[in-house]
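To start, the structure itself, in structure tokens.
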Ligand code: SF4
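In our numbering, the protein residues as written are 8 to 270.
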């Protein structure tokens, strides 16, 4: 991971910063939506506390895996915090990389779905239609970031009373047989966008954020509209510290990582 991150970081440093934002916005300029959602993750701030992972679980009604499920590789986490080491012993520093769905512009998981259960929205989200999914797991096999999970859990057995009381009523409770992954908390986006539309205005920067960003006490994660050149996320990714995971694959993620040096 560390080598890959170094390589992609250097590749990003050599690029024209403004050009990246332009390239991201271009396919969506005519998509009819004023929004193009994206995220920045500042790795120099991350302490690896895991609050974002817990918040994601609670917000999105993720099934709870026990030790037996985990041993069988059946845990479900829409985001994880990877750890990597920099330096040589004894001068070693631990670093952490929160990884969630990268909502790739050229998402490799989308064209392999035989029933179009995963698709790209006009707002640039990698969408997932649960009640269309037939569980072939082709998307998971074609996902280079390993952020898609097959749900092995019967919801009725997983969320027994009184656990069911903690479910988020704004989010579907999935059951065994479907693929799932980070949605950028799309329910929050939809609700706020509907309210804004009723008030005949656009969403303002900072009006919505994801559960992971909201729960991070170190302000590692910034979520917002990439089509707004003045949004916090657009400002953050204009930094020379910017890079994207597995950049060489050409997947064009909208999750930008920041690492090393000054902004
Ligand atoms: S909550 Fe923030 S500091 Fe903690 S692991 Fe997540 S991104 Fe890192």
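Glycine included, every Cβ here is placed at the ideal spot set by N, Cα and C. These numbers come from a predicted model, not from an experiment.
Return the bridge partner residues of residue 127 from the DSSP annotation. Taking the chain shown and counting its residues from 1, the one referred to as residue 127 is at position 120. The partner list for residue 127 (beta bridge, DSSP) reads 133.
C-alpha distance - residue 143 paired with residue 187, whole-angstrom precision: Sequence index remark: in the chain shown, residue 143 carries index 136 (1-based). Sequence index remark: in the chain shown, residue 187 carries index 180 (1-based). One C-alpha to the other measures close to 12 Å.
Between 61, 41, 48, 69, which has its C-alpha nearest residue 176's C-alpha? To locate residue 176, count along the chain shown from 1; it is residue 169. Among 61, 41, 48, 69, the Cα nearest to that of residue 176 belongs to 69.
Residues in the same chain with beta-carbon distance under 6 Å from residue 264, minus the five sequence neighbours each way, listed in chain order, please. Against the chain shown, residue 264 aligns to sequence position 257. Shown here for residue 264: same chain residues with a beta carbon closer than 6 Å to its own, the five before and five after excluded, namely 48, 50, 250 in chain order.
For residue 219 and residue 86, believed in contact at Cβ under 8 Å, the rounded distance: To locate residue 86, count along the chain shown from 1; it is residue 79. To locate residue 219, count along the chain shown from 1; it is residue 212. Indeed, because the Cβ distance is near 6 Å, the residues count as touching under 8 Å.
Residue 92 classed as buried or exposed, judged by whether at least 16 other C-beta atoms fall within 10 angstroms: Within the chain shown, residue 92 is the residue found at index 85, counting from 1. Answer is exposed; the Cβ neighbour count stays below 16.
Does DSSP classify residue 245 as helix, strand or coil? Residue mapping note: residue 245 aligns to position 238 of the chain shown, counting from 1. Coil at residue 245, not helix or strand.
Kindly give me the distance between the Cβ atoms of residue 53 and residue 225, rounded to whole angstroms, as I take these residues to be in contact under 8 Å. In the chain shown, residue 53 corresponds to position 46, counting from 1. In the chain shown, residue 225 corresponds to position 218, counting from 1. Confirmed, Cβ separation roughly 6 Å.
If you follow the alpha helix (DSSP H) that residue 74 is in, where does it begin and where does it stop? Reading the chain shown from its first residue, position 67 is the one you call residue 74. Bounds of the alpha helix (DSSP H) holding residue 74 are 74–78.
Shortest alpha-carbon distance to residue 257 belongs to which of 152, 230, 227? In the chain shown, counting from the first residue as 1, residue 257 sits at position 250. It is 152 whose Cα lies nearest to the Cα of residue 257.
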